Amino acid sequence: MPALESLFPRDEFGLLGLIIALPLLGAIVNGIWGRRLGRSAVSAMALTVMGLAFALSLVTVCHLHSLFTESLHGGGGAGHGERVRLAWTAWEWFHTTGGRSGANIPIDLKFSVDQLSGIMMLVITGIGFLIHLYSTAYMAEDASYARFFAYLNLFITAMLVLVLGDNLVVLFIGWEGVGLCSYLLIGFWFGKAENAAAGRKAFLANRIGDFGLLIGMFLLAQYTGALDWDGIARNAHLLLSPSPAARVHVWPVGGGIYQGMWAFLQPANVVTISGATAVSLALFLGCTGKSAQLPLYVWLPDAMAGPTPVSALIHAATMVTAGVYLVCRLSFVFVLSPFTMTVIAVVGALTALFAATIALVQNDVKKVLAYSTVSQLGFMFLGVGVGAFTAGFFHVFTHAFFKACLFLGAGSVIHSMHAHIHDDAASQDMRNMGGLRKYMPVTFATFAISTLAIIGTPFTSGFFSKDEILFKAFTNHVVHPMKDKFAQRGLGVWEQPTWVGPALYVVGVLAATMTAFYMCRALYLTFFGDFKGWAIGEPSAAKTHADHDHADHGHGHGGPAPAPHESPWQMTLPLVVLAFGALFGGWLNAAPLHIEPLGHWLDPVFAQAVSQGVQIVGGEEHAHHLVWPLAAGGVAAFAIGSAIAYWMYIASNGAPAKALAERNKKLHQLALEKWRVDEFYGVAVVGVAEATAETCAAIDHGIVDGLFAKATSSVVAAAGFVLRALHTGIFHAYSAAMVVGLAGFGWFFIAPHAEASVNQAGGSYAIHAAPGMGYSFRWDADGDGKFDSERFGPTRDLSVSVEPGKTKQVRLEVKNAFGLTGSTTITLGTEAKKGAAVVGLR
Amino acid sequence: MMPSILALMPMLVIGFGALALMLAEVLTDAKTGLAVGTAVVLFTAAAFACAGWMVGPENLGDAAVFAPWLVFDRFTLFFEVLLALSGALAALVAGGYLREHGIDRGEFYAILSFSTLGAMMLAAAGDVLMLFVGLETMSIGAYALAGFRRGSPKSAEGALKYFLLGSFAAALMMFGFALLYGATGHTDLAGLHNALASESLRSPSIVIALALVLAGLAFKVSAVPFHMWTPDAYEGAPTPATAFMAASVKAGGFAVLLRVLLTVFGDERSASWATGWPPVVALLAVLTMTVANLVAGRQESIKRMLAYSSIAHAGYLLVGVVAAIRAPAQAQSAVLFYLATYSVSTIGAFAALVLCGSRGAEVVSYEDLAGLGRRHPAVALPFAFFILSLAGMPPMAGFFGKWFVFKAAMDAGLHGLTVIAFINSVIAAYYYLKVFVFLYMREPAAGAPIAKPMWSGEVVTAIALCAFFVLLLGLAPGAVLDAALAVGGAG
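Chains as they are written, first to last, in my numbering: chain A, 8 to 849; chain B, 32 to 522.
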């Protein structure tokens, strides 16, 4: 595309600015004038900007693709293209200094797109457009229609800033922006207290994560002297510096030495971690917040209080994957710390399993999907944690389709249930549904396809992406990139135990089995069997629809009502498109069949990380033989899980499930209550915080208010009395203050100041007396109590050597211009510092 | 010859422009144009200073003929631009304010212009005599502006106090310079520096001179305890004059402070960390920040609050001055950048304050602001905006001003001082945010007088320009920061 190339050169690719500005424009227009414009204008505005943004994103990615193909053929590399990148600097914001060398760190508002962020951009704008379209019907009746679209557009802007930012600061702006929009949209119906509380909970949980991200950002600036992706990649090796000064001292904190009464805390061995481990752990804390992983996942299920399109867009397809994106983006940093990588993989696997167990028993269709999202995010982290960045990111991509489709499908069902059941909780309860297959054929078909995809039915998108993650979990092994070099210098490094890989695989297969079960359960309960919502029939004349709109908020109606209806085309069209993607998206990276266009496309982005630290257990050849045996595990998970669900809910119409729940009543209840994690946090975190707050309040009330405030106020009152006494001549008070100030100056300048600084080098000390106008000096260097010379002279520097283990006292006397003298005594002596060995996780 | 004229052009433009303004005031009845005329004159001067900057002071060859009286380096040029812009903005505010309040007498603009000229001379002064002439030209104008509301006893009282104390401070400073001349035989700053740097000079009179000069300078920048005139003078003066004093007079004070402390007393012994001025100035900074912020929180009058706020900002600036002795280039440019951000923020705040009230319904206390955000959102918004910048919230200019000064202090190893400055800026948030509480969260008590906004194109223009600069310095500080860095060690 030479025309595009000439219009937008690689470093001045202004199209990016336009792609970000369009949704922002929509947000501003709908936010400020939306109420006056009317609904059709608001929808037109929102859809236009999103459609244009998607079209421009397509153009950008096509351009990127042509550049990539060029590098593929022109570079002479063996089938590996380069990372291609289009950048645009909005403006140069400011710069700061950092790093050990005091490097100049420019903080620019700069955006760039490469293979990785290109895919993200397409997902955000493409699925974003579909969800905007869906929302025009879903939210049609809402009073705050314009506000909703303003928030939604603002979210798209922030999300684009997040993925397109060329440095961590811009990413952070987007990161906070999506957090804000998520907060606003979760609490969109803020009239209800629990919605507002859910918004607050999301905000607070994210705040903990953001703290980690900030710390990681500061550490990166300190270690690498850069905050932009290229600069960090260039200097990433500095994170591995083995010198004790460059490592993060975990204990004693900050590398101090505990002395005196705290000496018992001083360990025999100092515990340190490498800069890479510190940075990546801090960044990963940020990821666990945004991407709802253990232990910070608690906000995501509650976030379902927001409108369903929001759940689909923000809490399934885009924002929650930001953490995975960050790990992929900084893969070359994460891979430097095998320890962190193992933590990521383990946290991911455990989250996948843990959330799946909760999803098994939930009755609210959105809650099932929410825990399913947490679980699937766990799979993604499992993937990137074992160094399979392409596989993890591929799951982000496929998940965006099938989970958005599932949420929108659930939204479609809720929408039609809501026509006659006005209670939110009841209209989302699967026990009130059933048999909807007949009434909502399109919703059913798309929901079923997406279910098949998420449970890993062979050759659907979910099969390929999940299978690849499980396969890589088994075969991949993250190793320290400098292992050999460190070994030569006698330094040990942390290594991932060999049993971790197979264990992760087993946990993953177990979670996948549960996924198959609970998703099939949701499908069966919702669409099969008999409809249980209300009696279907012609409404009697006395009970028209309008009557119960306000009067009846119970479980359905006493009298018959029309059958649930299919949703309008604005809602079914996005469903069909997304289901298509869910069904066929997998062929972009069908690794077992060697169809891997996406893999090749992303390879250059992860090349640095993969070549540095990812090994395959037993070599590539060995792993090759394991492809189908390991895939069999995934297929078995699908088959077993769905078969059990079929037997329980279709063949036996739910009886075994009830029996099982009866038999394990307590366990069932505990799972239904989400293992009571919220309650645990309530006691352990919120309770402790509240107790601390109350203690502080008591101290504040008793001591600060009682003692300090009263004392202060009486002092102020006394001062007021003094000032009143001076009232007639307040001007004199002013000049008196000046005179006092001047006198203070004079006092300081006239008083002699004998001060010296000492520099130690081994056993010799260089003492340097502070100079002063009109000052002269005399020394007692040998510590015999007599000055070396009776006369004051100009000598300001003195060198003294002290034998090891002994101390010496040196005296300095000064005489200033006014003939006043002052003196100081300096004690010199070598203190034998306890030589502490340095060990730790390198 | 041309280049040396270019060096003088900013001052010449203002001098002749001020004369022309006086003539115009006498010869025509049209008073409305005077504010805009003053602004045009001052903007022209700023443009010439910018031109001088682009040509580069090193290419102003013949400018050396003014030496040692006037020094034209990047330091001078930076201040010329800053002072001319501040003066122009204050003149625009005056255009609306004086008309609204019925004190629309033309001499205001001429005095303001001459006072700006004095401040520029102060920044450019290379000799003690020139410095004194500049100081008095600036100060006498400021005294007159402070007392411009002749009918108001408060105005007269504030101006008289300012004048008397100002004369006292000027006398102290002059005495100090006289002692220096006696000890060294020099009146030019460079010569003084060389004389003081020589080891052989041991006269106690120099130490006394340092104390006296320091006291005079501390008065000009209103550092505690030399600040007591400030609230009275700021409160009594017509608001545009207050804005002018808070921005231009303070900038002039800091120009001379930097010049004198870093040039004349920049030698190892005078700037010693044990015996010289840095610990004294550090203590002044701590006192100034702490006292001003604590007292500001107790004010009921908005103007007095802003007066104490301006004192507190002088404290942060003094932190930068102390840092400048250890890391000259970086810290000095941080001070210059801070002055730029502070000037536009504070003029903007006073301009917005002017716009919030009208004759007989002015904003005096917080109570007057109650509910303004709901009644007149368009008027309340700019006030809130500049208050945010003064409080140092990103992405306003004030944030980066503080950022660079604090960073310079950290880099200079002044950790304790930085922590105190940081705590102070947190305390300051209390009284700044109080403005928000009244603007947006309070309704006026029944029957209480409420402020009625006025309308004036000049004031709105000034606000728009200030807002532009505040956002520019906050979002794209690069250009101005580079300029401040280019000044480097030239002070």
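Note that CB positions come from ideal geometry on N, CA and C, so glycine has one too. It should be emphasised that the depicted structure is a prediction, and the values quoted were computed from it without experimental measurement.
With 16 other Cβ atoms within 10 Å as the buried cut-off, status of residue i
| i | result |
| --- | --- |
| M472(B) | exposed |
| I264(A) | exposed |
| V287(B) | buried |
| R670(A) | exposed |
| C703(A) | exposed |
| G812(A) | exposed |
| A824(A) | buried |
| C69(A) | exposed |
| I710(A) | exposed |
| G41(A) | buried |
| L54(B) | exposed |
| P508(B) | buried |
| R496(A) | exposed |
| F454(A) | buried |
| A510(B) | exposed |
| N213(A) | buried |
Contacting residues, own chain, Cβ-Cβ under 8 angstroms from residue i (five flanking each side not counted)
| i | result |
| --- | --- |
| L37(B) | F79, A82, G83, V86, L91 |
| L123(A) | Y332, C335, R336, F400, L609, V612 |
8 angstroms contact criterion, which residue i and residue j should meet: CB distance rounded
| i | j | result |
| --- | --- | --- |
| P413(B) | I333(B) | With a Cβ gap of about 14 angstroms, P413(B) and I333(B) do not count as contacting. |
| A277(B) | T377(B) | 5 angstroms |
| L13(B) | Q363(B) | Any question about residue 13(B) goes unanswered here, given that chain B covers just 32 to 522. |
| A254(B) | T321(B) | 12 angstroms between Cβ atoms; not a contact. |
| V391(A) | V334(A) | 5 angstroms |
| M311(A) | S189(A) | Not really, about 12 angstroms apart at Cβ, beyond 8 angstroms. |
| P274(A) | E299(B) | Not a contact, Cβ separation roughly 45 angstroms. |
| I321(A) | L192(A) | 7 angstroms |
When the options are compared against residue i, the one with the closest alpha-carbon
| i | options | result |
| --- | --- | --- |
| D235(A) | T464(A), H256(A), A205(A), L337(A) | L337(A) |
| A282(B) | G297(B), A514(B), F109(B), A305(B) | F109(B) |
| G282(A) | Q300(A), S250(A), A310(A) | S250(A) |
| A121(B) | L504(B), L191(B), T273(B) | T273(B) |
| P611(A) | A452(A), S78(A), L11(A) | S78(A) |
| S144(B) | G46(B), F194(B), A392(B) | G46(B) |
| R130(B) | L220(B), L113(B), R180(B) | R180(B) |
| A763(A) | V260(A), S742(A), D791(A), S806(A) | S806(A) |
| L415(A) | G216(A), V375(A), S318(A) | S318(A) |
| G105(A) | I114(A), A97(A), E99(A), W98(A) | I114(A) |
Own chain, CB closer than 6 angstroms to residue i, minus 5 neighbours either side, in chain order
| i | result |
| --- | --- |
| F404(A) | none |
| A246(B) | L203 |
| A850(A) | Nothing in the structure corresponds to residue 850(A), since chain A is present only between 8 and 849. |
| F794(A) | R785, D787 |
| L288(A) | T347 |
| A664(A) | M655 |
Cut-off 7 angstroms between Cβ atoms - residues of its own chain near residue i, not counting five sequence neighbours on either side
| i | result |
| --- | --- |
| L211(B) | L223, I237, A240 |
| G181(A) | A165, M166, V168, L169, G172 |
| W196(A) | N202 |
Hey, is the region 313-333 of chain B in contact with the region 455-466 of chain B, meaning 3+ C-beta pairs nearer than 8 angstroms?
-> yes
Say whether the region 222-234 of chain A touches the region 243-254 of chain A, bearing in mind that this needs 3 or more beta-carbon pairs closer than 8 angstroms, one atom from each stretch.
-> yes
Three or more C-beta pairs below 8 angstroms linking the region 330-348 of chain A and the region 132-152 of chain A = no
Inter-stretch contact at 8 angstroms, needing at least 3 Cβ pairs: the region 400-414 of chain B / the region 465-481 of chain B = yes
Evaluate contact between the region 571-588 of chain A and the region 141-148 of chain A, counting only Cβ atoms and requiring at least three cross-stretch pairs below 8 angstroms.
-> yes
Three or more C-beta pairs below 8 angstroms linking the region 751-770 of chain A and the region 218-232 of chain B = no
Three-pair Cβ contact test at 8 angstroms for the region 295-309 of chain A versus the region 201-218 of chain A | yes
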